[in-house]
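Visitor: Submitted below is the structure of interest, expressed as C-alpha cells.
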Amino acid sequence: MNDSSGPLRGATVLYGLLLAGAFAWVLVDRGTSDLFRHPDALWHPTLALGLLVGLALGVALGLLVAAATRRAVRRLRWAAALHSEFRSLLGPATDGDIFLLAAFSAVAEECFFRGAMQPAVGLVVSSLVFGGLHLPMSKRFLVWTLEATAMGFVLGLLFWATGQLAAPIAAHFTINYENLHFIRRYKPA
Numbered sequence: 146m147n148d149s150s151g152p153l154r155g156a157t158v159l160y161g162l163l164l165a166g167a168f169a170w171v172l173v174d175r176g177t178s179d180l181f182r183h184p185d186a187l188w189h190p191t192l193a194l195g196l197l198v199g200l201a202l203g204v205a206l207g208l209l210v211a212a213a214t215r216r217a218v219r220r221l222r223w224a225a226a227l228h229s230e231f232r233s234l235l236g237p238a239t240d241g242d243i244f245l246l247a248a249f250s251a252v253a254e255e256c257f258f259r260g261a262m263q264p265a266v267g268l269v270v271s272s273l274v275f276g277g278l279h280l281p282m283s284k285r286f287l288v289w290t291l292e293a294t295a296m297g298f299v300l301g302l303l304f305w306a307t308g309q310l311a312a313p314i315a316a317h318f319t320i321n322y323e324n325l326h327f328i329r330r331y332k333p334a
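Using the working numbering, the first residue of the sequence shown is number 146, and each one after it goes up by one.
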C-alpha cells in the first residue's frame with residue numbers, strides 16, 4: 146500500500162463516515178454523544194477500573210484470536226487459502242499502513258456496531274449486520290463473513306459484560322494489527 150495512498154485514503158474516508166454515523170445515531174437515539182459505555186451493561190465499575198479491565202480483556206482476547214488464526218493458517222487448507230487471498234489484497238503495506246488500518250477499523254466499526262447499533266437493536270441484529278457487511282468479494286471469502294459474524298457476537302458480549310467500548314476496540318485493534326502483520330510476513334506453502 147505504500148506505492149499508493151489510495152487504499153488507505155479510501156479506508157480513512159469510509160471509517161470517518163462510519164464514525165460520524167455512530168455519533169449521529171447515539172445523539173438522535175439516546176440524546177447523548179456517549180457511545181463508549183453500554184447503557185445496560187452487566188457490570189458498572191468506576192470509569193478507571195472499567196477501562197483498565199476492558200483494555201486488558203480486549204488485548205487478551207485479541208491475542209488469543211490472532212494466535213488461533215496463525216495456527217489455523219498453518220494447519221487448515223481453507224485458512225491458508227484465505228490468508229493468501231488477503232495477502233494479495235494487502236500488498237506491500239508498511240508498518241504505518243497496518244497500524245492505521247487496524248486503528249481506523251477498530252475504532253470506527255466498534256463505535257458504530259457496538260457503541261451505537263447494539264444498544265439500539267440488540268446483540269443479534271448488530272452482530273448479523275456486522276458480519277453481513279464483511280461481504281465476500283468471492284465465495285472464497287465466505288468463511289471471512291462467517292468469522293466476522295461470530296466475532297460480532299463475541300465483541301458484543303464483551304461490550305455488554307464490561308460496559309466499556311474500550312474492550313471490543315482493544316480486541317478488534319489487536320486482532321487486525323497482529324493478523325495484518327502476519328498476512329504481510331507469512332506466505333503459506
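Note that beta-carbon positions come from the ideal geometry of N, C-alpha and C, so glycine has one too. Bear in mind that the values here come from a model prediction, so they are computed numbers and not experimental data.
Please name the residue in ALA251, ALA156, ALA186, VAL274 whose C-alpha comes closest to that of GLY207.
Guide: Distance check between GLY207 and each of ALA251, ALA156, ALA186, VAL274 places ALA251 closest, using alpha-carbon atoms only.
Visitor: Considering only DSSP beta bridges, list what GLN309 is partnered with.
Guide: ARG182
Visitor: Classify MET282 as buried or exposed, calling it buried when 16 or more other Cβ atoms lie within 10 Å of its own Cβ.
Guide: exposed
Visitor: Take HIS317 as the anchor and find which of ARG220, LEU159, ARG182, ALA211 has the nearest alpha-carbon.
Guide: Checked all of ARG220, LEU159, ARG182, ALA211; the closest Cα to HIS317 is ALA211.
Visitor: Measuring straight from C-alpha to C-alpha, what distance separates MET296 and SER272?
Guide: 8 angstroms
Visitor: Can you tell me where the alpha helix (DSSP H) holding LEU268 begins and where it ends?
Guide: 268-277
Visitor: Please say whether LEU245 and LEU153 have beta carbons closer to each other than 9 angstroms?
Guide: yes
Visitor: Flag this pair as yes or no: are the beta carbons of ASP308 and HIS189 separated by less than 9 angstroms?
Guide: A quick correction: the sequence has Gly, not Asp, at residue 308. Yes.
Visitor: Could you tell me the distance, in whole angstroms, from the CA atom of LEU300 to the CA atom of LYS332?
Guide: LEU300 and LYS332: Cα-Cα distance of roughly 29 angstroms.
Visitor: Apart from the five residues just before and just after SER149, which ones in its own chain have a Cβ nearer than 6 angstroms to its Cβ?
Guide: Here SER149 scores only 48 on pLDDT, less than 50, and its place in the model should not be relied on; the value that follows carries that caveat. Same-chain partners within the cutoff: there are none.
Visitor: Can you give the Cα-Cα distance for ARG182 and GLY176, rounded to whole angstroms?
Guide: Going by the C-alpha atoms only, they are around 14 angstroms apart.
Visitor: What number of angstroms, rounded off, separates the C-alpha of ALA253 from the C-alpha of GLU230?
Guide: 24 angstroms
Visitor: What residues in its chain sit with their C-beta under 6 angstroms from that of PHE258, if we drop five residues either side in the sequence?
Guide: SER271, PHE275
Visitor: Can you name the start and end residues of the alpha helix (DSSP H) that LEU245 belongs to?
Guide: Here the alpha helix (DSSP H) through LEU245 covers 240-254.
Visitor: In whole angstroms, give me the CA-to-CA distance for LEU221 and THR319.
Guide: 22 angstroms
Visitor: By alpha-carbon positions, which one of PRO264, TRP223, TRP305, HIS326 ends up nearest to GLU292?
Guide: TRP223
Visitor: For LEU287 and THR294, I'd like the C-alpha separation in whole angstroms.
Guide: Between LEU287 and THR294, the C-alpha separation is close to 11 angstroms.
Visitor: What three-state label does DSSP hand PRO264 in the structure shown?
Guide: helix
Visitor: Between ALA315 and the rest of its own chain, which residues show a CB-CB distance below 6 angstroms, the 5 nearest in sequence each way excluded?
Guide: LEU200, GLY203, VAL204
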